[in-house]
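> Pasting a structure here, questions to come.
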Amino acid sequence: MALDDLVSFIKTTKRDAKPAKEAPARVAHGEDGGLQAAYYRRIIERYSEVINLGEQKTIPELKALVNAEDAAIKEAGSGLSAAIGGYSFESKFLDFARSALELVRKLGSVHADSDVSFWMSPKDVFELGVADSFDRAVILCSLLAYGGGNAVVRVVELEGGLKHPVVCFSHGGVWYALDPSSENEAMLSGPSLEDLLSTFAFDGRRFTRSLYEFNSTEYNSFE
């Protein structure tokens with residue numbers, strides 16, 4: 097195994113994040129599910145370091161997250177291509193990409209605002225109907241791979257040290273950057289990917305630099 101294969105990645109919102117601190121559970125007993133949610137949150141935060149250790153990904157494991165052969169991805173991708181009708185990569189991939197983007201954007205939002213890292217499978221995401229920004233990007237990249245595209249998950253750093261994933265690919269000589277977590281313009285396009293990213297912003301935070309990118313076959317670091 098190469099040395100780079102031993103590099104581990106953890107899914108937290110900020111780089112070099114500190115272990116989570118327990119927060120007071122200010123929840124009234126009368127709130128439906130509120131007390132139970134606070135109870136489980138306290139347990140998760142107490143064992144966050146153990147959870148994070150088990151959820152760290154080496155480079156090969158990170159690449160394996162993008163999987164066009166996953167059963168849930170194949171089911172979703174098949175439905176998207178069937179809805180388009182007469183699907184072919186050359187003429188209808190962009191339609192497929194837009195449909196895949198909208199499918200993922202419709203998922204409920206779960207913000208990775210704690211220091212607990214947990215990756216969800218496509219099956220879990222589609223069954224629960226929720227995902228954080230990283231799981232959204234991985235699922236979208238997997239769907240694009242199912243449709244024949246060669247997309248990557250590009251992890252960028254935003255102002256304040258926030259890590260955020262976008263999905264990038266080129267088609268017909270044009271670069272596209274898709275943000276399945278965005279509530280605004282979620283699909284940017286232009287002749288240069290780096291120029292696109294230089295204008296990117298999420299939740300009021302502007303792009304500062306690229307960190308790394310990956311898909312099922314490659315990994316590249318920009319640090």
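Numbering of the sequence shown is given in the working numbering, commencing with residue 97 and proceeding in unit increments. Here a beta-carbon is modelled for each residue, glycine too, at the ideal position from N, C-alpha and C.
To the nearest angstrom, report how far apart F265 and G245 are at their CA atoms.
Distance between the alpha carbons of F265 and G245 is about 7 Å.
> Let's test the definition: count the other Cβ atoms within 10 Å of the Cβ of V270 and tell me whether it reaches 16, buried, or not, exposed.
The residue is exposed, with fewer than 16 neighbouring Cβ atoms inside 10 Å.
> Just to confirm, is the Cβ distance from A227 to S205 under 9 Å?
Yes, these two residues count as a Cβ contact at 9 Å.
> Express the C-alpha separation of L254 and D220 in angstroms, rounding to a whole number.
The straight-line gap from Cα to Cα measures roughly 28 Å.
> Exposed or buried, G243, counting other C-beta atoms within 10 Å across all chains shown (16 or more means buried)?
Under this definition G243 is a buried residue.
> By the three-class DSSP mapping on this structure, what secondary structure does Y272 have?
Three-state result, Y272: strand.
> Following the continuous alpha helix (DSSP H) through V162, name the residue where it begins and the one where it ends.
Careful: V162 lies outside any alpha helix (DSSP H) and carries neither H nor E.
> Report all residues from its chain with a CB closer than 6 Å to the CB of V262; omit the five preceding and five following residues, and keep chain order.
Once the five neighbours on either side are set aside, the close Cβ partners of V262 are R250, A273 and D275.
> My assumption, with CB atoms under 8 Å, is that N311 sits in contact with A247. Please give the rounded CB distance.
N311 to A247, Cβ: 6 Å. Contact.
> Apart from the five residues just before and just after E118, which ones in its own chain have a Cβ nearer than 7 Å to its Cβ?
At E118, the pLDDT of 42 sits below 50, so the modelled position is not reliable and the matter cannot be decided from this model.
> Is it right to say A193 is buried, meaning 16 or more other beta carbons lie within 10 angstroms of its own, or is it exposed?
Buried, since its Cβ has 16 or more Cβ neighbours within 10 Å.
> Would you decide whether S277 is buried or exposed? Buried here means 16 or more other CB atoms lie within 10 Å of its CB.
Burial call: buried.
> Starting from P218, follow the alpha helix (DSSP H) in both directions and report where the run begins and ends.
Here the alpha helix (DSSP H) through P218 covers P218 to L224.
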